[in-house]
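Order-wise, the sequence lines are chains A and B. Take the first sequence: its letter number 186 is residue 186 in the numbering used here, and every next letter is one higher. Every position in the second sequence, counted from 1, becomes a number in the numbering used here once 346 is added.
There are 2 protein chains.
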Amino acid sequence: MLVGDGHLSEFRAVDWRDGKVILLDQTRLPHEESYLEINDWREVAEAIRSMRVRGAPAIGIAAAYAMALAAADSRDVFAAADELAGTRPTAVNLFWAIERMKRAASEAEPGQLAQRLLQEANAIAAEQDAADHTIGELGAELLPDDCRVLTHCNAGGLATYSFGTALGVIKAAHRQGKQLFVWVDETRPLLQGARLTAWELEREGVPMALITDNMAGHLISTGQVDAVITGADRIAANGDTANKIGTYGLAVLANRHRIPFYIAAPLSTVDLSIPDGRSIPIEEREPDEVKSLGGKQITGDKVAARNFAFDVTPAELISAIISEKGIIRQPLEAGMRKLAMEDDGR
Amino acid sequence: MLVGDGHLSEFRAVDWRDGKVILLDQTRLPHEESYLEINDWREVAEAIRSMRVRGAPAIGIAAAYAMALAAADSRDVFAAADELAGTRPTAVNLFWAIERMKRAASEAEPGQLAQRLLQEANAIAAEQDAADHTIGELGAELLPDDCRVLTHCNAGGLATYSFGTALGVIKAAHRQGKQLFVWVDETRPLLQGARLTAWELEREGVPMALITDNMAGHLISTGQVDAVITGADRIAANGDTANKIGTYGLAVLANRHRIPFYIAAPLSTVDLSIPDGRSIPIEEREPDEVKSLGGKQITGDKVAARNFAFDVTPAELISAIISEKGIIRQPLEAGMRKLAMEDDGR
Chain A
1 MLVGDGHLSE
11 FRAVDWRDGK
21 VILLDQTRLP
31 HEESYLEIND
41 WREVAEAIRS
51 MRVRGAPAIG
61 IAAAYAMALA
71 AADSRDVFAA
81 ADELAGTRPT
91 AVNLFWAIER
101 MKRAASEAEP
111 GQLAQRLLQE
121 ANAIAAEQDA
131 ADHTIGELGA
141 ELLPDDCRVL
151 THCNAGGLAT
161 YSFGTALGVI
171 KAAHRQGKQL
181 FVWVDETRPL
191 LQGARLTAWE
201 LEREGVPMAL
211 ITDNMAGHLI
221 STGQVDAVIT
231 GADRIAANGD
241 TANKIGTYGL
251 AVLANRHRIP
261 FYIAAPLSTV
271 DLSIPDGRSI
281 PIEEREPDEV
291 KSLGGKQITG
301 DKVAARNFAF
311 DVTPAELISA
321 IISEKGIIRQ
331 PLEAGMRKLA
341 MEDDGR
Chain B
347 MLVGDGHLSE
357 FRAVDWRDGK
367 VILLDQTRLP
377 HEESYLEIND
387 WREVAEAIRS
397 MRVRGAPAIG
407 IAAAYAMALA
417 AADSRDVFAA
427 ADELAGTRPT
437 AVNLFWAIER
447 MKRAASEAEP
457 GQLAQRLLQE
467 ANAIAAEQDA
477 ADHTIGELGA
487 ELLPDDCRVL
497 THCNAGGLAT
507 YSFGTALGVI
517 KAAHRQGKQL
527 FVWVDETRPL
537 LQGARLTAWE
547 LEREGVPMAL
557 ITDNMAGHLI
567 STGQVDAVIT
577 GADRIAANGD
587 TANKIGTYGL
597 AVLANRHRIP
607 FYIAAPLSTV
617 DLSIPDGRSI
627 PIEEREPDEV
637 KSLGGKQITG
647 DKVAARNFAF
657 DVTPAELISA
667 IISEKGIIRQ
677 PLEAGMRKLA
687 MEDDGR
């Protein structure tokens, strides 16, 4: 793959080449680094549903490129938009990107639709990449020189485009020469920590250790964690934040032990249309993801299981949100409205 | 297997038959219900180390029967005791049972050692079985008629002898006709919840759903859990309690959302010789248990992992300890000393 700023460790989770969407198949990592070349927008929708591409910003970019594919193939881009919007319910970046692409489609000159949509999708991707690097630089300032950070799920380049949000902060601090050590939650059921975050940090050369999700309490209570950083799938107007299941428990532990809990996310993750976390739809996925691990069934056939994919962390437990427009501190609601207004006015 | 009180669902995790120790091999559950027949005490030690038998009371009983085997085989029972004590560090029931067996060995009449040690091991097992049922009856009174309970790891008959402590409470309430629903934490890395607790509750016919450990926060914060009950591996004099990794995080969540957090454990789990949880040794096991499952690796080869097997829940977060001598409420320290003294004086 082409490399963003020449750093050896870089990759692209989503890309466009020769009229096709290129997806790094995240279900096959870390054992296999294989790329899907897709020329049918419906296959992109299926890749989002089956989490071959996942992460709030990355599924937004993938959906944008899927609409560009639909336009190139002379399909109804608004019908494609509707189906793409039905793939996953929680991450708002998906709907944000689709709305932006629909606006671009509405405004396109006759005969220019395909070109205009590709241009818009490229812009969304480029803006996300720039946002990641800015989030990384801003967030790195929050980390002391010698710092043990705990992260959950994967808010890396695999979840955004190439650099990452929570992992962008970690990568930026590491590249600045700070002594970082990362505790990587494995993140059941789909093991995004064990499979994806460990893979990204290993490429980057950041010292780390993998743990099971239930070990965080022991590490935090025995003084072995200095900060927790995660990404976000949707941030309500009051700062309540939906993120991968398990995030809430980490925020509660960080609060109890007075260590900072940071959310790193682009402003496209903020949803000012909903007042608080109770209005965020929480995806529930197939029980089989819980009943098996790495493709192997771990419980009895008849055992019932539930599979909530996200939880909501109330604003009061969030020390700061690291966005590409600045660090939003408490009270989060006022800070977000200010930045969102500046963003609209640019 | 012989059945304790004629209930169809019963089994024995540890037993003695025809001069052999019989262990239900817990590493093969739920897919296979197979029993190890062991006539060498060193193989019992290895079965404890490799967690073919696990759970604080059950490893105490297994070690006791191992010493009975050593005596029957004319081996040095005190040397066997030393090696058995080195198998696992955290659960105090192991050391408690070994000390009790050493005392019995010291007091045995000449020529009666083997018989005396078998008698003592049988007594430890029988007392545990009685304790489980008493704990079940006492604990069931704490659960309302319509109750959603969350449990972690396996504090069932597989962890004790046949009935269980935390699961004993659940089984007793269910047999009384209470409407119970159990959320079963899968309990990574070795999945005692998914493999063992789900198996026990299914045999018992208790409605339940398996979840990943990181889903508890979502369920508790959205009002879907009425009580949390776990077992214990060691309870310090002040009530601080070591139990399976992840227990502490549940206690913190229960406390934040004002639902009761109960520990169900026999008095043999109480260690009055240590003042608080900081003195409880926390076992760290092989990283491969985190990096793989059933021989299948879930992360990159070179990824480092840590594997803390237990954590400590401070006394202040424990609503009550359910023991076979009564329910110990806050302040736990005074209540435990009183019951322990009564126990010694019987």
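Glycine included, C-beta positions come from ideal geometry on N, C-alpha and C.
What residue range does the beta strand (DSSP E) around residue 310 of chain A cover?
In the DSSP annotation of this structure, the continuous segment of the beta strand (DSSP E) that includes residue 310 of chain A starts and ends at 310 to 313.
Would DSSP call residue 208 of chain A helix, strand or coil?
Reduced to three states, the DSSP call for residue 208 of chain A is strand.
Beta carbon proximity, residue 497 of chain B to chain A, threshold 8 Å
It does not; no Cβ of chain A falls within 8 Å.
By alpha-carbon positions, which one of A:91, A:88, A:122 ends up nearest to residue 104 of chain A?
Its Cα nearest to that of residue 104 of chain A, the residue A:122 stands out among A:91, A:88, A:122.
Do we get a CB-CB distance below 8 Å when we pair residue 682 of chain B with the residues of chain A?
No, residue 682 of chain B does not count as interfacial toward chain A.
With distances taken between CB atoms, is the gap from residue 182 of chain A to residue 158 of chain A smaller than 8 Å?
No; because the gap between Cβ atoms is not below 8 Å, this pair is not in contact.
How many angstroms separate the CA atom of residue 131 of chain A from the CA atom of residue 33 of chain A?
Cα to Cα, residue 131 of chain A sits roughly 25 Å from residue 33 of chain A.
Look at the alpha carbon of residue 49 of chain A and the alpha carbon of residue 359 of chain B, and state the distance between them as a whole number of angstroms.
The alpha-carbon atoms of residue 49 of chain A and residue 359 of chain B are separated by roughly 43 Å.
Could you work out which residues of chain A lie near residue 548 of chain B, taking near to mean beta carbons separated by less than 9 Å?
Ordered by position in chain A, the residues that pass the 9 Å Cβ test against residue 548 of chain B are 300, 302, 303.
Own chain residues within Cβ distance below 7 Å of residue 196 of chain A, not counting five before or after
The beta carbon of residue 196 of chain A is closer than 7 Å to those of 26, 29, 154, 156, 158 in its chain, skipping five residues each way along the sequence.
Just curious, the beta strand (DSSP E) that residue 360 of chain B is in, first and last residue?
360 to 363 is the span of the beta strand (DSSP E), which, as asked, contains residue 360 of chain B.
Could you please give me the residues that DSSP links to residue 526 of chain B through a beta bridge?
The bridge partners DSSP lists for residue 526 of chain B are B:493.
Residue 624 of chain B: buried (16+ other C-beta within 10 angstroms of its C-beta) or exposed?
Only exposed fits residue 624 of chain B, as fewer than 16 other CB atoms lie within 10 angstroms of its CB.
Taking 8 Å as the threshold (C-beta atoms), are residue 85 of chain A and residue 94 of chain A in contact?
Contact flag set, yes.
Between the beta-carbon of residue 557 of chain B and the beta-carbon of residue 667 of chain B, is there less than 8 Å?
Taking 8 Å as the Cβ cut-off, residue 557 of chain B and residue 667 of chain B do not qualify as a contacting pair.
Top-ranked residue by Cα proximity to residue 385 of chain B, from B:628, B:574, B:620, B:420
That would be B:420, whose Cα lies nearest to the Cα of residue 385 of chain B.
Min CB distance residue 654 of chain B to chain A below 8 Å:
Yes, residue 654 of chain B lies at the interface with chain A (some Cβ there is under 8 Å from its Cβ).
Segment contact, 8 Å Cβ cut-off, at least three pairs: the stretch 644 to 655 of chain B with the stretch 211 to 228 of chain A:
In short, these stretches touch, since the Cβ pair count reaches three.
Using a Cβ cut-off of 9 Å, pull out every chain A residue sitting near residue 639 of chain B, in sequence order please.
Those are 293, 294, 296, 298, listed as they occur along chain A.
Are any of the Cβ atoms in chain A nearer than 8 Å to that of residue 552 of chain B?
Interface flag for residue 552 of chain B against chain A is unset, since no Cβ pair is found closer than 8 Å.
Please decide whether residue 589 of chain B counts as near chain A, where near means a Cβ-Cβ distance under 8 Å.
No - not a single Cβ of chain A is within 8 Å of the one on residue 589 of chain B.
DSSP on residue 369 of chain B, reduced to helix/strand/coil?
Residue state for residue 369 of chain B is assigned as strand, using DSSP reduced to three classes.
Assuming residue 635 of chain B and residue 535 of chain B are in contact, meaning their beta carbons sit under 8 Å apart, how far apart are those beta carbons, in whole angstroms?
Yes, residue 635 of chain B and residue 535 of chain B are in contact; Cβ-Cβ is about 4 Å, under 8 Å.
Verify the CB distance criterion: does residue 6 of chain A have a CB-CB separation below 8 Å to chain B?
Residue confidence is low: residue 6 of chain A scores 47 on pLDDT, short of 50, so the model does not pin down where it sits. Its coordinate-derived value is still stated next. No, its Cβ sits nowhere closer than 8 Å to a Cβ of chain B.
Just the C-alpha distance for residue 433 of chain B and residue 304 of chain A, rounded to the nearest angstrom, thanks.
Near 35 Å, if we compare the C-alpha coordinates of residue 304 of chain A and residue 433 of chain B.
Apart from the five residues just before and just after residue 351 of chain B, which ones in its own chain have a Cβ nearer than 6 Å to its Cβ?
Note on residue 351 of chain B: pLDDT 47, under 50, position unreliable in the model; no value is reported.
Taking residue 613 of chain B as the reference, which of B:628, B:412, B:583 has the closest Cα?
Comparing Cα-Cα distances from residue 613 of chain B to each of B:628, B:412, B:583, the minimum goes to B:583.
Mind checking who residue 590 of chain B pairs with in its DSSP beta bridge?
Answer by DSSP bridge pairing, in chain order: B:656.
Determine whether the beta carbon atoms of residue 206 of chain A and residue 150 of chain A lie at a separation below 8 Å.
Cβ atoms of residue 206 of chain A and residue 150 of chain A: not closer than 8 Å.
Which ranges would you report for the alpha helix (DSSP H) in the stretch 446 to 490 of chain B if only whole runs of at least 4 residues count?
Within the stretch 446 to 490 of chain B, the complete alpha helix (DSSP H) runs of at least 4 residues are 459 to 486.
Using a Cβ cut-off of 8 Å (strictly closer), state whether residue 180 of chain A contacts chain B.
So no, residue 180 of chain A is outside the interface.
If you reduce the DSSP assignment to three classes, tell me which class residue 684 of chain B lands in.
In the structure shown, residue 684 of chain B sits in a helix (DSSP, three-state: H, G or I).
Length at least 3, wholly inside the stretch 576 to 625 of chain B: the beta strand (DSSP E) runs in chain order
Within the stretch 576 to 625 of chain B, complete beta strand (DSSP E) segments of at least 3 residues are found at 580 to 582, 587 to 590, 607 to 610, given in chain order.
Restricting to Cα atoms, I'd like to know which of A:69, A:173, A:342, A:180 is closest to residue 136 of chain A.
Considering only alpha carbons, the answer is A:173.
Per DSSP, which one or two residues make a beta bridge with residue 65 of chain A?
According to DSSP, residue 65 of chain A bridges with nothing at all.
Excluding sequence positions up to five away, which residues of its chain have a Cβ less than 6 Å from the Cβ of residue 661 of chain B?
Counting only Cβ-Cβ distances below 6 Å, and skipping sequence neighbours, we find 584, 585, 586, 678.
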